[in-house]
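Residue numbers (my numbering): 46 to 452. These notes concern the structure reproduced below.
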Amino acid sequence: MINHARLVTIEDYEKYVGPENVDRILRKAKPLQDLHVVNVNSTYYGGGVAELLGSMTILMNSVGIKTGWRVIQGSPDFFSITKKMHNALQGGEINLTERKKEIYEAVVYENVMRTHLEHDVVIIHDPQPLPMIDHYRKRGPWIWRGHVDMSSPNPELWDYLAPFVEKYDAAIFSIKEYAQKLKTPQLFFMPAIDPFSIKNHPLTEEEMTERLEHYHIPTDLPLVVQVSRFDIWKDPKGVVEAFKIARQEVDCTLVLLGNVATDDPEGPEIYESLLECQEERIIILSVQDTALVNALQTRAAVVLQKSLREGFGLTVSEAMWKGTPVIGGNVGGIRYQIEDGVNGFLVNTVEEAAARIVQLVKDEALQKRLGEAARETVRQKFLLSRNLEQYLDLFSSFETNFTLKGM
Ligand code: UDP
Numbered sequence: 046m047i048n049h050a051r052l053v054t055i056e057d058y059e060k061y062v063g064p065e066n067v068d069r070i071l072r073k074a075k076p077l078q079d080l081h082v083v084n085v086n087s088t089y090y091g092g093g094v095a096e097l098l099g100s101m102t103i104l105m106n107s108v109g110i111k112t113g114w115r116v117i118q119g120s121p122d123f124f125s126i127t128k129k130m131h132n133a134l135q136g137g138e139i140n141l142t143e144r145k146k147e148i149y150e151a152v153v154y155e156n157v158m159r160t161h162l163e164h165d166v167v168i169i170h171d172p173q174p175l176p177m178i179d180h181y182r183k184r185g186p187w188i189w190r191g192h193v194d195m196s197s198p199n200p201e202l203w204d205y206l207a208p209f210v211e212k213y214d215a216a217i218f219s220i221k222e223y224a225q226k227l228k229t230p231q232l233f234f235m236p237a238i239d240p241f242s243i244k245n246h247p248l249t250e251e252e253m254t255e256r257l258e259h260y261h262i263p264t265d266l267p268l269v270v271q272v273s274r275f276d277i278w279k280d281p282k283g284v285v286e287a288f289k290i291a292r293q294e295v296d297c298t299l300v301l302l303g304n305v306a307t308d309d310p311e312g313p314e315i316y317e318s319l320l321e322c323q324e325e326r327i328i329i330l331s332v333q334d335t336a337l338v339n340a341l342q343t344r345a346a347v348v349l350q351k352s353l354r355e356g357f358g359l360t361v362s363e364a365m366w367k368g369t370p371v372i373g374g375n376v377g378g379i380r381y382q383i384e385d386g387v388n389g390f391l392v393n394t395v396e397e398a399a400a401r402i403v404q405l406v407k408d409e410a411l412q413k414r415l416g417e418a419a420r421e422t423v424r425q426k427f428l429l430s431r432n433l434e435q436y437l438d439l440f441s442s443f444e445t446n447f448t449l450k451g452m
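As C-alpha cells, then:
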C-alpha cells in the first residue's frame, strides 16, 4: 500500500530552516485553521506557476488550510491570445483587437460557469483567468498573483487589464520593481522551491547516470545546461551562440532542455527552430522528465538562465540549491536571486555569457565556491516555507470587509 503520510509537511523543513521558523509558521497557521482557499491558473504542468502550485497547495494543507487548485480550459485561439498578452506584459507588442478581447472574456466566462468558487480566499494566477472576478459574488478577499516580468508592460494592454486587477483586494508581484499604478494594495512575494520534490531532492550518482544515459547525453566533457520552456524570453538562441563562442576556448557539451506548457502555443515552433542548431555537442531536448531536470542541474558544471525577461526564475533557484553556479540574464527577478560574483554571475550579452562559461568551466574551485554560496542563498531565502509564511501573514491581514490592515 502507498504511504500517503509521506507527503511533505512544514515540519520537514526544520532541517533546513530550523525549529524556530517552523514553530512560528505553525503558530501563524493556528488561527487560520479550516480557512478554505482556492488557486486558479491555466496549466497543470509546464512553467513555474504549475510547479509552485503543485508544492504550495500540499504544504498549505499540511498546516490546516484547505487549499485547492483549479485549472481553466480554453481553445487554442484563447491560449494564443493569452500568450500574446503574456509577451506584451513583458514589454512585447500586441495588436489588441476587439475580437481578441471578446474571445478572451468569453472563454473566461465559460470557465466561470463550470467553476464554482465559494471559498474564503480566491487566488487567481496570471492574466489568463484574470477577468473571472467580474462574475462572482465575493465571499472573501480575491487576490491576483501576477508572475511575469512587469518591469515594462505594454501600456495599451495594461490599460485594458488594470481595471480587472483593480477589482481585486490585493495584487502580488514577484519584486517591487513590478509595482504598477493601481488602486489595489500591492505586495511582493518572491517565489520559492520545494527541496523535497523529485526535481530538487538529492539523487544518487547511479540515478543521475541512468537518466543521462537514457537520453544519450555524453558526460565525458563538462556540461553546460539551460532548462527552460521553449520561449523567446529565455533566449535559447543566445545560449547556443554563447556556447559556440565559449567552445573555441574550452571543451564542453551544451544541453538545452525544454518543455511545452499547455497554455503556451508558441513552444513547439521555437523548439523546431532550434533543431537546426543541433550538433554532436549541442543537444536540444524536448521532454517532460523531472528527474532529468534534477540530474542535469546537479551534474552541470554551469547552468545558464540567459533570460531577456524573467518574472522570477525558478530554474535559477533549483540549480543554485544543487550547488551549481548559475549564469543568469541581468533582468527581473534573477537580479534578486544571483549576486554577481558571489553566488553566480549576471550577464547582459551573449559575449559576457560566453566569457563566464569559459571562466567557470576552466576553474573548478570557482564552481565550488559560487555553488556553495548559491545553495546557502536558497536555504536562507528561496525555500517554500518562506513563501508559505508570507501567504499566512497576508490571509491574517484581511479585515472583515476584505481590506488589508493598515492599507
Ligand atoms: N521545467 C521542467 N522541464 C523543462 C523545462 C522547465 O520541468 O524541460 C520546469 C523548471 O524546472 C521550473 C519551471 O519549469 O520548475 C519553470 O519555471 P521558471 O520560473 O524558471 O520559468 P517559467 O516557465 O515559469 O517562465
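Quick reminder that beta carbons are idealized off the backbone N, C-alpha and C, glycines included.
Skipping 5 residues on each side, what residues in its chain have a beta carbon closer than 7 Å to that of L232?
Correct list, in chain order: A215, I217 and L439.
DSSP beta-bridge partners for A218?
It is worth fixing the name first, because residue 218 is Phe in this sequence and not Ala. For F218, which the question treats as bridged, DSSP gives the partners F233.
Just curious, the alpha helix (DSSP H) that Q435 is in, first and last residue?
Segment L429 to S442, the alpha helix (DSSP H) holding Q435.
Applying the 10 Å Cβ sphere with the 16-neighbour rule, what's the burial state of Q412?
The residue is buried, with at least 16 neighbouring Cβ atoms inside 10 Å.
What I want to know is whether the C-beta of Q231 ends up closer than 7 Å to one or more non-hydrogen atoms of the ligand UDP.
Flag unset: Cβ of Q231 not near the ligand UDP.
Is R115 helix, strand or coil by DSSP?
If DSSP states are grouped into helix, strand and coil, R115 belongs with the strands.
Residues in the same chain with beta-carbon distance under 8 Å from V67, minus the five sequence neighbours each way, listed in chain order, please.
I55, E56, Y58, E59 and S430.
Would R190 and E163 be called neighbours here (beta carbons separated by less than 8 Å)?
The answer is no: Cβ separation not under 8 Å.
Is K367 near the ligand UDP, going by C-beta to nearest heavy atom under 7 Å?
Incorrect: K367 has no Cβ contact closer than 7 Å to the ligand UDP.
Measuring from the CB of Q333, is there a heavy atom of the ligand UDP at a distance below 7 Å?
Because some heavy atom of the ligand UDP lies under 7 Å away, the Cβ of Q333 counts as near it: yes.
Assuming contact is defined by CB atoms lying nearer than 8 Å, are A151 and L268 in contact in what I supplied?
Going by C-beta atoms, A151 is not nearer than 8 Å to L268.
Out of E258, S87 and M130, point me to the one whose CA is closest to R115's CA.
Residue S87 is the option with its Cα nearest to R115.
Have a look at Q435 and H180 and give me their C-alpha separation to the nearest angstrom.
About 28 Å.
Exposed or buried, K407, counting other C-beta atoms within 10 Å across all chains shown (16 or more means buried)?
Counting Cβ neighbours within 10 Å, K407 comes out exposed, since fewer than 16 surround it.
Does the distance between the C-beta of T360 and the nearest non-hydrogen atom of the ligand UDP fall short of 7 Å?
T360 Cβ: within cutoff of the ligand UDP.
Assign L141 to one of two classes, buried (16 or more other C-beta atoms within 10 Å of its C-beta) or exposed (fewer than that).
Answer is buried; the Cβ neighbour count reaches 16.
For a test of your reading of the model: does the CB of L302 fall under 7 Å from any non-hydrogen atom of the ligand UDP? Yes or no.
Checking every heavy atom of the ligand UDP against the Cβ of L302, one is found closer than 7 Å.
Decide if V451 is buried, meaning its Cβ has at least 16 other Cβ atoms within 10 Å, or exposed.
Here residue 451 is Gly; the residue named in the question, Val, does not match the sequence. Result: exposed.
What do you reckon, are the CB atoms on N432 and P236 nearer than 8 Å?
Yes. Within cutoff.
Expressed to the nearest angstrom, what Euclidean distance is found between the alpha-carbon atoms of L302 and K111?
For L302 and K111, the distance between alpha carbons rounds to 35 Å.
Pair every Cβ in the segment 277-285 with every Cβ in the segment 243-262, then say whether three or more of these pairs are closer than 8 Å.
No, the segment 277-285 is not in contact with the segment 243-262.
Going by the beta-carbon positions, is the gap between V157 and M130 smaller than 8 Å?
Contact flag unset, no.
Is DSSP giving F123 helix, strand or coil here?
Note: F123 maps to helix in three-state DSSP.
Cα-Cα, which of D239, D308 and P76 is closest to Y90?
Nearest option by C-alpha distance: D308.
What do you get for V285, buried or exposed, if any count of 16 or more other CB atoms within 10 angstroms of its CB means buried?
Looking at its Cβ environment, which holds 16 or more other Cβ atoms inside 10 Å, V285 is buried.
What does the alpha-carbon distance come out to for the pair E211 and P76?
Roughly 28 Å between the two C-alpha positions.
Does the beta-carbon of A133 have 16 or more other beta-carbons within 10 angstroms, so that it is buried, or is it exposed?
When all chains shown are included, A133 counts as buried.
Just the C-alpha distance for T102 and F427, rounded to the nearest angstrom, thanks.
So the alpha carbons of these two residues sit roughly 17 Å apart.
Distance check for D265 and N403, CA to CA, integer angstroms please.
In the sequence under discussion, the amino acid at residue 403 is Val, which differs from the Asn named in the question. Each residue's Cα considered, the two are about 17 Å apart.
Leaving aside the five residues before and after M356 along the sequence, list all residues of the same chain whose C-beta is less than 7 Å from its C-beta, in chain order.
What sits at residue 356 in the sequence shown is Gly, not Met. Counting only Cβ-Cβ distances below 7 Å, and skipping sequence neighbours, we find H192, V193, D194, S219, G377 and G378.
Return the bridge partner residues of G389 from the DSSP annotation.
DSSP output for G389 lists V371 and D385 as bridge partner(s).
If you reduce the DSSP assignment to three classes, tell me which class E150 lands in.
Of the three classes helix, strand and coil, the one that applies to E150 here is helix, per DSSP.
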